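Student: Heads up: the protein sequence lines correspond to chains X and S, in order.
Numbering of the first sequence is given in my numbering, commencing with residue -15 and proceeding in unit increments.
Numbering of the second sequence is given in my numbering, commencing with residue 1335 and proceeding in unit increments.
We put the beta carbon where it would ideally sit given N, CA and C, even for glycine.
The structure displayed is predicted, hence computed values, not measured ones.
Below: one structure in structure tokens.
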Amino acid sequence: MNRSRVLARRIAWALFTLLFVVVLNFFLFRVLPGDPARAGIRDPRLTREAQEAIRVRFGLDKPVINCFESLNPVKLGSCEVNPFETQFFIYIGNLLKGDLGISYHLNQPVADILRARLWNTVLLIGAGQILAIILGMGLGIAAAWKARTAIDYLALLGSLMAWSLPTFWLGIILLFWGSTDLGLPIGGKLTAGGSATNMVDEWIDLGRHMILPTLTYTIVFLGEYMLIMRSTLLDVLSEDYILTAKAKGLSTFQILKDHALQNAMLPMVTLIALNLGFTVAGAIQIESVFSWPGLGGAIYEAVVRRDYPMLQGAFLWIAIAVIAANLIADLLYSTLDPRVEAG
Amino acid sequence: MSKATMQPEPDSPILEVTDLRKLFPVKKVRLFGAKDRFVHAVDGVSFQVGHGEVLALVGESGCGKSTLALTLMGLEKPTSGDILFEGDSLASQNSRGLKTWRRHIQMVFQDPYESLNPLMTIGDIVAEPLVVHGIAPNREEREARVIRALEDSGLKPATEYLHRLPHELSGGQRQRVVIAGALVLEPTVLLADEPVSMLDVSIRAEILNLLADLRQKRGISILFITHDMGTIAHFADRIAVMYLGRIVEIGQTLEVLSNPQHPYTKALLSVVPVPNPRLRRERIILQGETPNPIDLPSGCRFHPRCPVAFEQCPVVDPRLLSIGDQDEIPHAAACLLVNAESQPVP
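Below is the structure:
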């Protein structure tokens, strides 16, 4: 099978998965306990007319799908309704236009809010992930190379501890320490009513705000990368072709560089891709602790306020990110490992 | 190590092993200062390999054959004893000397399915030793040598194989790649650690013939490690039988096969299948398991399983002594029954 056909098939599968997620995502919020209409309109003092007006504004007056007025509780409606007048098809139609609906709480288009939040998350989590990957892999390589020495045991102990620390707890401790002893800002992305007059000052301000959350994120994820890197590398190092390489006269460094790392990278690529996919979801705990205006924080607020359109939009974005990351990992795999062909 | 003589010199062996020992400490929780315990993988082995000679090392699994090979490659550090290659001692090599050592002594590993890096092409695998040792630095020359090694190993036309990956080849082809990877450095000694045990019977003969050819054409000395008596009669000049880390019998192939002296050798030979069904012979089936190489039996280490053991055996540890008249190539065995009227090996 040639490469472009494999590529086309992988992409087709990804699109199919995405379609499935879209449908599931839509119905998920309509079978959840609590009527979306009532979630949006909680004030009992509103008049009937006002309530009705809100229902119309959010399109909740229409049946969920043909023959069903509402899925929760299941209310049979008329099957005479034009299917394209139902919530489901209106949602799909809007989705194709890039419209994710209007937030119940903020009364703004969900797509706009998410877009603004997304870049903040990518900035924070991206920095954290890159640091965690580099440091974790480096530490894992060092530990595997010096297996069963003090370096190995220290790295192992440290990584296990870092991995098992509760994120929010570590965040609070670092926040406490950083803000009192180092004078770092306690939260947010930029100093409110900032005095920054030029770009450079603004960047410095941003950097100071990022230090603590990035550090927390790095520590939490570093352990996982280190442990996986160490164990896969140790696995590879016990293979016969490593002994063969040694018998051919390669030095330890050459063996590590030319034989071991390449083979050990495969599980790492999977892990990195999976983690990157969930990066878009943001680290809800970290963003909450540090009041970082990212997606994670937005999801948390939406849950608290039962802002269904917001959640539905965020879930869709997360799904897209995870599917895309997996697709990239798949394609990367076939370049890293020449044995992988048509799957 | 600089003299790369291809001419057989019967007087000076190319490889000389003297009283080699390799013990592995056994890690265990110690209470009240228990003694350090060791696995006696190789326990006082001495032998020589001549120029262009094929020496077969036979023994059952776990008798220390592979450890011996790894020690000869400098991949395991001997506990005591020494190895001389062309008169150079392994013990005196620094890391650079060790690299040169590995250029002259190459090893073919047992499992061709595991000993090739799955992500590298055949061409890269075979070329790698040249790159590492800085031989044939220019591309064309290197490729020419790779092709020559592949063709010498029986992969023809070699250009067909250069860009293929290990998983595309059969077991026999892979083992040929492994052999090509060893040959490309043009070593003078080849250690073959059960090179055919993982292969189909139909392919074994081809690989064995290939090794025999290489000895003929290039004058390579081969130490051929096997647990299969049947495969060695073909082309080994001499046989050394190993039991629990020691050589118990050594001698010319025909001599050992037709006139085995040590009870262990006799037992091994008695179970080699004979093609002629009318030719029945008595099989000697050894009783019991191979003793634990940590707690070795006293005296002769074969005595608990020996069918002809007598009262002296658990007490006296027999030495490897030559038998009968002194020919040029001595036949020696380590057994009290045999050694009654024998003299020490010169």
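Since S:N1451 meets chain X, which of its residues come closer than 9 Å, beta carbon to beta carbon?
Tutor: Within 9 Å Cβ-Cβ: E223, Y225, I226, T228, A229, D242, H243, Q246 and N247.
Student: Roughly how many whole angstroms lie between the Cα atoms of S:R1508 and X:V273?
Tutor: The straight-line gap from Cα to Cα measures roughly 57 Å.
Student: Is DSSP giving X:A326 helix, strand or coil here?
Tutor: Confidence is the limiting factor: at X:A326 the pLDDT is only 43, short of 50, which leaves the residue's position unreliable, though a coordinate-based value still follows. Here X:A326 sits in coil by DSSP.
Student: Whole-angstrom Cβ separation of S:V1575 and S:L1602, contact assumed at under 8 Å?
Tutor: The pair is a contact, with the Cβ atoms about 7 Å apart (cut-off 8 Å).
Student: In terms of residues, what are the limits of the beta strand (DSSP E) holding X:D83?
Tutor: Premise fails: X:D83 is in no beta strand (DSSP E) and is neither H nor E.
Student: Extract the residue ranges of the alpha helix (DSSP H) inside the stretch 126 to 204 of chain X, only unbroken runs of 4 or more that lie entirely within it.
Tutor: List check, alpha helix (DSSP H) in window: 134 to 148 and 151 to 165.
Student: Within the continuous beta strand (DSSP E) that includes S:A1723, where are the two ends?
Tutor: Past the boundaries of the shown model lies residue 1723 of chain S; chain S is included only from 1335 to 1680, so the question cannot be answered.
Student: What in chain S is Cβ-close to X:D321, meaning under 7 Å?
Tutor: Those within 7 Å of X:D321 in chain S are L1453.
Student: What is the residue span of the beta strand (DSSP E) that S:L1349 lies within?
Tutor: Taken as a continuous stretch (DSSP letters only), the beta strand (DSSP E) holding S:L1349 covers L1349 to V1360.
Student: Whole angstroms are fine: how far does the CA of X:T181 sit from the CA of X:I38?
Tutor: For X:I38 and X:T181, the distance between alpha carbons rounds to 43 Å.
Student: Buried or exposed for X:S(-12), going by 16 or more other Cβ atoms inside 10 Å?
Tutor: Burial call: exposed.
Student: With a cut-off of 8 Å on the beta carbons, I'd call S:I1581 and S:L1654 a contact; round off their distance for me.
Tutor: S:I1581 to S:L1654, Cβ: 6 Å. Contact.
Student: Applying a beta-carbon distance threshold of less than 7 Å, which residues of chain X neighbour S:R1476?
Tutor: Residues of chain X passing the Cβ test: none, with the nearest at roughly 15 Å.
Student: Return yes when the Cβ of X:Q296 is within less than 8 Å of the Cβ of X:N9, no when it is not.
Tutor: Yes.
Student: Decide if S:C1647 is buried, meaning its Cβ has at least 16 other Cβ atoms within 10 Å, or exposed.
Tutor: Counting Cβ neighbours within 10 Å, S:C1647 comes out buried, since at least 16 surround it.
Student: For S:S1395 and S:I1618, I'd like the C-alpha separation in whole angstroms.
Tutor: One C-alpha to the other measures close to 18 Å.
Student: I'd like the span of the beta strand (DSSP E) that includes S:G1441, first residue to last.
Tutor: Contrary to the premise, residue 1441 of chain S reads as Met rather than Gly in this sequence. First-last of the beta strand (DSSP E) with S:M1441: I1439 to V1442.
Student: Can you tell me whether S:W1435 is buried or exposed, with buried defined as 16 or more other CB within 10 angstroms of its CB?
Tutor: S:W1435 should be labelled buried.
Student: Quick one: residues in its chain with C-beta nearer than 7 Å to the C-beta of X:L126, no 5 flanking neighbours on either side, listed in chain order?
Tutor: Residue identity differs from the one stated: residue 126 of chain X is Ala in this sequence, not Leu. Answer for X:A126: I135 and A139, listed in chain order.
Student: Measuring CB to CB, does X:N56 end up less than 8 Å from X:L12?
Tutor: No, the Cβ-Cβ distance between X:N56 and X:L12 is not below 8 Å.
Student: Whose C-alpha, out of S:H1665, S:P1625, S:D1629 and S:C1669, is nearest the C-alpha of S:F1644?
Tutor: Comparing Cα-Cα distances from S:F1644 to each of S:H1665, S:P1625, S:D1629 and S:C1669, the minimum goes to S:C1669.
Student: Determine the DSSP secondary structure at X:D321, reduced to helix, strand or coil.
Tutor: Three-state result, X:D321: coil.
Student: With H, G and I counted as helix, E and B as strand and the rest as coil, what does DSSP make of S:G1506?
Tutor: Three-state result, S:G1506: helix.
Student: Pick helix, strand or coil for S:L1544, following the three-state DSSP scheme.
Tutor: In the structure shown, S:L1544 sits in a helix (DSSP, three-state: H, G or I).
Student: Rounding to the nearest angstrom, what Cα-Cα distance links S:V1373 and S:D1629 in this structure?
Tutor: Cα-Cα distance, rounded: 8 Å.
Student: Give me the chain S residues within the contact set of X:Q92, using Cβ-Cβ distance strictly less than 8 Å, ordered along the chain.
Tutor: In chain order: nothing, as chain S lies at least about 51 Å away.
Student: Identify, in the order they occur along the chain, each residue of the same chain with its Cβ nearer than 8 Å to the Cβ of S:Q1382, setting aside the five sequence neighbours on each side.
Tutor: Result list for S:Q1382: P1347, L1349, E1350 and V1351, in chain order.
Student: Name the residues in the stretch 122 to 138 of chain X whose C-beta lies less than 8 Å from a C-beta of chain S; which are they?
Tutor: So the list is empty, because no residue satisfies the distance condition.
Student: Answer yes or no: do S:V1511 and S:I1459 have a C-beta to C-beta separation smaller than 8 Å?
Tutor: Yes; because the gap between Cβ atoms is below 8 Å, this pair is in contact.
Student: Go to S:Q1382, then tell me how far its alpha helix (DSSP H) extends in each direction, as first and last residue.
Tutor: Looking at the DSSP string, S:Q1382 is not in any alpha helix (DSSP H); the run it does join, the beta strand (DSSP E), is R1371 to V1383.
Student: Output needed for X:N247: all residues of its chain with C-beta closer than 7 Å, excluding positions within five of it in sequence on either side, in chain order.
Tutor: Hits under 7 Å: V220.
Student: Measuring only between beta-carbons, confirm whether X:L234 sits less than 8 Å from chain S.
Tutor: Yes, because at least one Cβ of chain S sits closer than 8 Å to the Cβ of X:L234.
Student: Please indicate yes or no: does the CB of X:I86 lie closer than 7 Å to some heavy atom of the ligand NAP?
Tutor: With respect to the ligand NAP, the structure offers nothing, as it holds no ligand at all.
Student: Just the chain S side, please: which residues come within less than 8 Å of X:Q269 by C-beta, in chain order?
Tutor: Neighbours of X:Q269 on chain S: none; closest Cβ ~38 Å, over 8 Å.
Student: Is there a Cβ of chain S sitting closer than 8 Å to that of X:Q238, yes or no?
Tutor: Yes, X:Q238 counts as interfacial toward chain S.
Student: S:Q1550: buried (16+ other C-beta within 10 angstroms of its C-beta) or exposed?
Tutor: Exposed.
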